[in-house]
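Residue numbers (this note's numbering): 1161 to 1820. One structure is given below, encoded as structure tokens.
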């Protein structure tokens, strides 16, 4: 039997605690152990029996033999049931391990499918952007051809009108053709300038649209690259998670195997103790006979000496450690007090180890959260996120870590939007209106509902720049009108024609203004569409956040299930240990029975039969396979049905079958 003081006197190595904290924890454990210790009085050390003689020891021996026989049956029956229970729990544990791995694999596959769908949507958006660019280019070419055709028709009409006017004035044919040629050259130059101006305007619009589409394509490609990286990271995380679970289960199996080997070593040590107990019992019986002879010869002094010698022998440390001595000396409760003290110390030590394990876990969580906050205050957001993720995996600090991560994400988004707004303001100050408009549009799309103030600022800046563009167009219109009026005043002789041209210019200007207004309306509609798209993206973002929250909840449930399975596994280990103890007790009692009756041939044969059964059942029970456990049960039934056991316990096999 193991020394409880040697088990209790353990040097605790506790990571994360100072030397003073370690000493304080040891002191608390010692106080708890001493408080829970059941002491023994001196009365037990000076117990004198009321009756003396050899009759009582003989009765005790007979009762002990009967108790051993009953104990063998009860222990074997209990052993059989515990083996069945342990086998079922081992199968349940293996099934739970497979379910956990399968659940982790299904979760990873589901998240990969979602990421693949997101990548497909981004690729479709890229294709749509390319189609829009091609359509825009084709539309611009059609507008240019239409404008050129329109100018040619106007030139033909102007030439016809000029010919009619000159003919009405009676101009000679040669002079008429010369003047028409000159008029045509002038109009062609004018129309060529208008066509070139219109072409430059169209090219500018096309360039703006292409830049806008290029920015959108770059954004989509960046999102696609990020999604691809996230997909690969999901695959890596799933593989790491599965490998960690497999490694943990393998470590638990190895620990169980080591504990089984330790239990077998303990069984051998206890067998040695049982042999010593038989020697102690033989000596006590012989001393009882000597005491009886002393009383029969009426030698009280010799009897008292023998009693004192027997009392001293029983009070020796090696004898007090014998469980059999305690069972045959029911009046002596001293050994019971020692065993109760040992049980109390073992319980205290188990409770202290649980307390230390909880303290280590709490210290690890606290250190992870503090380190993450320190990294966040220092501006190292990447490391802060990593430490918060470690805290989430340990669960007790989950709420704090998630809130801090959300704060970091919002701050990063706000910083990025602020940088875009600052760049747009710089472009506006430098006169780069188109770049400023693009910057404000990007900021408005990125801000969304999460950053209301930044979104409003970006939209207001967009509207303000559009108003400035309209004001510039109005100023240009006023300037052109003034120039035409000056030209009209300086060329009174051609006033009617200039008025006609002015009217035409006004009409063209109105058309351009209407065209510009239409483009502005289209831009507003496009802005509204983008705002609608932003709303859809926000809704999609909320859905993604809800999905992330659901994933986190599922992950939390999986971790809770994992802890429960680990707790069940630990309870299974405890049951295995208890089963080994019961097996040790049964083996010890059976060995004692064989040792007490060495002269009996049937007992020797029964012992040989039991040793053969023990060797076979140990080999079968060391395997986690349920078939080997069933084979061990069959070996036990054959053991009960063997002639050697039947000759000693004739009704044992029948009673076992009835119990089954």
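Ideal Cβ placement from N, Cα and C applies to all residues, glycine included. Nothing here was measured: the structure is a model prediction, and the numbers come from that model.
| Asked | Found |
| --- | --- |
| The alpha helix (DSSP H) enclosing residue 1786, as first and last residue numbers | 1786-1801 |
| Any 3 or more C-beta pairs closer than 8 Å across the stretch 1337-1349 and the stretch 1388-1398 | no |
| Segment contact, 8 Å Cβ cut-off, at least three pairs: the stretch 1760-1774 with the stretch 1801-1809 | yes |
| Distance between beta carbons of residue 1581 and residue 1601, contact taken as under 8 Å | That belief does not hold up - the Cβ atoms of residue 1601 and residue 1581 are roughly 11 Å apart, past 8 Å. |
| Local Cβ density within 10 Å of residue 1651, reported as buried at 16 or more and exposed below that | A caution first: residue 1651 carries a pLDDT of 49, below 50, which makes its placement in the model too unreliable to give a value. |
| Rounded C-alpha distance that separates residue 1314 from residue 1590 | 41 Å |
| Straight-line Cα distance separating residue 1346 from residue 1358 | 18 Å |
| Top-ranked residue by Cα proximity to residue 1545, from 1527, 1568 and 1410 | 1568 |
| Proximity to residue 1584 [Cα-Cα], best of 1620, 1570 and 1818 | 1620 |
| Residue nearest to residue 1671 in terms of C-alpha spacing, selected from 1307, 1773, 1276 and 1796 | 1307 |
| Buried or exposed (CB count within 10 angstroms, at least 16 for buried), residue 1439 | exposed |
| Three-state secondary structure (DSSP) of residue 1818 | helix |
| CB contact flag (residue 1795, residue 1773, <8 Å) | yes |
| Through-space distance from residue 1392 to residue 1370, alpha-carbon basis | 32 Å |
| Same chain, Cβ closer than 8 Å to residue 1625, neighbours up to 5 away in sequence not counted | 1588, 1593, 1596, 1597 and 1600 |
| Distance CB(residue 1789)-CB(residue 1781) smaller than 8 Å | yes |
| Supposed close pair residue 1319, residue 1344 - CB separation, criterion 8 Å | 6 Å |
| Residue closest to residue 1842, alpha-carbon to alpha-carbon, out of 1577, 1629, 1717 and 1267 | For the chain, the structure presents residues 1161 to 1820; residue 1842 sits outside this window and is missing. |
| Presumed contact (8 Å Cβ cut-off) between residue 1531 and residue 1547, rounded CB distance | 5 Å |
| Presumed contact (8 Å Cβ cut-off) between residue 1351 and residue 1295, rounded CB distance | Wrong, their Cβ atoms sit about 28 Å apart, outside the cutoff. |
| Under 8 Å between C-beta atoms of residue 1777 and residue 1787 | no |
| Check whether residue 1543 and residue 1535 have beta carbons under 8 Å apart | yes |
| Selected residue, minimal CA-CA separation from residue 1365, among 1298, 1381 and 1328 | 1298 |
| Spatially closest choice to residue 1784 from 1414, 1288, 1334 and 1378, by CA coordinates | 1414 |
| Rounded straight-line distance, which links the Cα of residue 1288 to that of residue 1538 | 43 Å |
| Burial state of residue 1528, where buried means 16 or more other Cβ atoms lie within 10 Å | buried |
| Buried or exposed (CB count within 10 angstroms, at least 16 for buried), residue 1710 | exposed |
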